[in-house]
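A.B. asks: Please find one structure pasted underneath; my questions will follow.
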Amino acid sequence: MNTNFAWEKIKDFEEIIFSQYKGIAKISINRPHKHNAFTPQTVKEMSEAMEYARQEPSIGAIILTGEGGRAFCSGGDQSVRGHGGYVGKDAVPRLNVLDFQRQIRSIPKPVVAMVAGWAIGGGHVLHVICDLSIAAENARFGQTGPIVGSFDGGFGASYLARVVGQKKAREIWYLCDQYNAQEALDMGLVNKVVPLEELEKTTVEWCEKMLDKSPIALRMLKSAFNAELDGQAGIQELAGNATLLYYLSDEAKEGKNAFIEKRKPDFSKFPKFP
Ligand code: S0N
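Encoded structure:
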């Protein structure tokens, strides 16, 4: 995959490359020798990068991808899978990718999966959870859990079913077949398919289109899409955004100012909308 953009490194990591370009952050798994399978360390680093992207006001969109052009991500690294999770340097087994999944879901900025090559297993789930997925023509999608002795009964099952429908999601998990980019497009699993050499250009263009839009409108829409599916956590996100907007109003500021000034708040001038 050629890159025509002047990506600027944000921080050095061991297992990911984290960079930015004009308001776009790019988190790229850098383990191409393992088709970008993730270890607890990879996930820890992706989480830190995602948190940075959330907190940094100049970042408006995030690309999640993998290095090498042959794989987006092949899921959990089976060679470090131990008794009860994936084992990192501290010898503790973890499934910390579940925390990272929730970060992708709740960051109030669009996350775009840029998929070249394999998006398999837990790697497939990561692209499914992203807001948008753009695939290269060489992309291959699928779940392998029932082959390698694992499954994702969270977003990996229920949200996949929301995306492609119950029958197709069950087929994907029960048969563990692999699907090419066109098949993924046909079932609504990805938004667009482009030649590999155009993948980054197209993904950046899509991000730039979103960066031109109202950030609060995008934020509200993301939480609205989530709220329908995410129960109390989804409502909390949407309601948190409503609070954010309310805090921006003179009406809410009158309440705070009155408290600070030790006086009774005067809300009389604010309209009681129909
Ligand atoms: C992707 C596949 C189909 C590509 O096949 P291909 O092209 O023939 O390449 P290979 O020769 O197989 O691979 C190249 C090298 O990369 C290594 N490798 C590939 N994938 C992995 C991997 N996941 N872990 C470790 N190594 C990997 C190969 O071994 C090879 O290395 P060398 O040359 O040294 O032999 C094919 O590679 C494939 O099928 N890969 C495995 C895909 C898979 O089963 N992934 C795991 C699925 N499960 C999860 O991801 C669980 C996720 C998770 O954490 C979770 C989340 C929620 C709830 C539960 C869990 C849970 O942990 O269970």
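This note's numbering puts the last residue of the sequence shown at 396; the count rises by one with no breaks.
Every residue, glycine too, gets a C-beta built ideally from N, C-alpha and C.
1. Is the closest heavy atom of the ligand S0N to the C-beta of L220 under 7 angstroms?
2. Quick check on E178: does DSSP put it in helix, strand or coil?
3. Using 8 angstroms as the threshold, is the C-beta distance between I151 and G188 below it?
4. When DSSP builds the beta bridges, which residues end up paired with Q142?
5. Can you grab the Cα-Cα spacing for the pair G210 / L220, in whole Å?
6. So the candidates are I149, W129, K144 and T125; which of them puts its Cα closest to the Cα of E136?
7. Just how far apart, CA to CA, sit K314 and C329?
8. Figure out for me which residue from R224, L360 and G239 has the closest Cα to the Cα of N260.
9. Going by C-alpha distance, which of K375, G275, V237 and L360 is nearest P387?
10. Three-state secondary structure (DSSP) at R227?
11. In this structure, how does DSSP classify C195 when only helix, strand and coil are distinguished?
12. Considering only residues of the same chain and omitting the five flanking positions on each side of K323, which have a CB-CB separation below 7 angstroms?
13. So the beta strand (DSSP E) T325 belongs to, where does it begin and stop?
14. What first and last residue would you give for the alpha helix (DSSP H) that runs through L282?
15. Which of helix, strand or coil does DSSP assign to N400?
16. Counting pairs of Cβ atoms below 8 angstroms between the segment 181 to 196 and the segment 224 to 244, do you hit three or more?
17. With H, G and I counted as helix, E and B as strand and the rest as coil, what does DSSP make of V312?
18. Can you grab the Cα-Cα spacing for the pair R153 / K391, in whole Å?
19. Hey, would you say the C-beta of A199 is under 7 angstroms away from at least one heavy atom of the ligand S0N?
20. To which residues does DSSP link V233 through a beta bridge?
21. Where does F160 sit, in a helix, a strand or coil, going by DSSP?
22. State the beta-bridge partners of P215 as determined by DSSP.
23. Is any non-hydrogen atom of the ligand S0N found closer than 7 angstroms to the C-beta of W240, if you look at the structure I gave you?
24. Is it true that the CB of T164 sits closer than 8 angstroms to the CB of I138?
25. Run through the segment 344 to 394 for me and flag every whole beta strand (DSSP E) of 3 or more residues, listed as ranges in chain order.
26. According to DSSP, simplified to helix, strand and coil, what is G244?
27. In chain order, what residues of the same chain lie with their CB nearer than 6 angstroms to the CB of V451, ignoring the 5 residues before and after it?
28. So which of D212, Q177, P232 and R292 has the shortest CA-CA distance to L186?
C.D. replies: This is what the structure holds:
1. Numbered from its first residue, the sequence shown carries residue 220 at position 98. Under cutoff, so the answer is yes.
2. Position 56 of the sequence shown, counting from 1, holds the residue named residue 178. Three-state DSSP puts E178 in coil, outside helix and strand.
3. Along the sequence shown, read from residue 1 onward, the residue named residue 151 stands at position 29. Along the sequence shown, read from residue 1 onward, the residue named residue 188 stands at position 66. Yes.
4. Counting from one through the sequence shown, the residue named residue 142 turns up at place 20. Bridge partners of Q142: E130 and A147.
5. Along the sequence shown, one-based indexing puts residue 210 at 88. Along the sequence shown, one-based indexing puts residue 220 at 98. Spanning the two alpha carbons is a distance of roughly 16 angstroms.
6. For the purposes of this step, residue 136 is identified with residue 14 of the sequence shown, where counting begins at 1. Out of I149, W129, K144 and T125, I149 has the C-alpha closest to the C-alpha of E136.
7. Looking up residue 314 in the sequence shown gives position 192. Looking up residue 329 in the sequence shown gives position 207. The straight-line gap from Cα to Cα measures roughly 13 angstroms.
8. Residue mapping note: residue 260 aligns to position 138 of the sequence shown, counting from 1. Checking every option, the nearest Cα to that of N260 belongs to G239.
9. In the sequence shown, the residue the question calls residue 387 occupies position 265. If we check each option's Cα against that of P387, K375 comes out closest.
10. The residue labelled residue 227 in the question sits at position 105 within the sequence shown. Here R227 sits in helix by DSSP.
11. Translated into positions along the sequence shown, residue 195 becomes position 73. Three-state result, C195: strand.
12. Here residue 323 refers to the residue found at position 201 when the sequence shown is read from its first residue. Once the five neighbours on either side are set aside, the close Cβ partners of K323 are N126.
13. As a first step, residue 325 is located in the sequence shown; it is residue number 203 there, counting from the start. T325 -> not in any beta strand (DSSP E); alpha helix (DSSP H) instead, spanning L321 to L333.
14. Counting from one through the sequence shown, the residue named residue 282 turns up at place 160. First-last of the alpha helix (DSSP H) with L282: F277 to V286.
15. Nothing can be reported for residue 400, as the shown portion of the chain is limited to 123 through 396.
16. yes
17. Position 190 of the sequence shown holds residue 312. Here V312 sits in coil by DSSP.
18. Counting from 1 along the sequence shown, the entry for residue 153 is found at position 31. Counting from 1 along the sequence shown, the entry for residue 391 is found at position 269. Approximately 60 angstroms between the Cα atoms of the pair.
19. Residue numbering aside, residue 199 sits at position 77 when the sequence shown is read from its first letter. According to the sequence displayed, residue 199 carries Asp and not Ala. Yes.
20. For the purposes of this step, residue 233 is identified with residue 111 of the sequence shown, where counting begins at 1. In DSSP, V233 forms a bridge with I184.
21. In the sequence shown, counting from the first residue as 1, residue 160 sits at position 38. Strand.
22. Residue 215 sits at position 93 when you count from the first residue of the sequence shown. For P215, which the question treats as bridged, DSSP gives the partners V209.
23. In the sequence shown, residue 240 corresponds to position 118, counting from 1. Yes, the ligand S0N has a heavy atom inside 7 angstroms of this Cβ.
24. As a position in the sequence shown, residue 138 is number 16, starting the count at 1. As a position in the sequence shown, residue 164 is number 42, starting the count at 1. Cβ atoms of I138 and T164: closer than 8 angstroms.
25. none
26. Taking the sequence shown and counting its residues from 1, the one referred to as residue 244 is at position 122. G244: helix per DSSP, three-state reduction.
27. With the chain covering 123 to 396 only, the question about residue 451 has no answer from this structure.
28. The residue labelled residue 186 in the question sits at position 64 within the sequence shown. When each option's Cα is compared against that of L186, the closest is P232.
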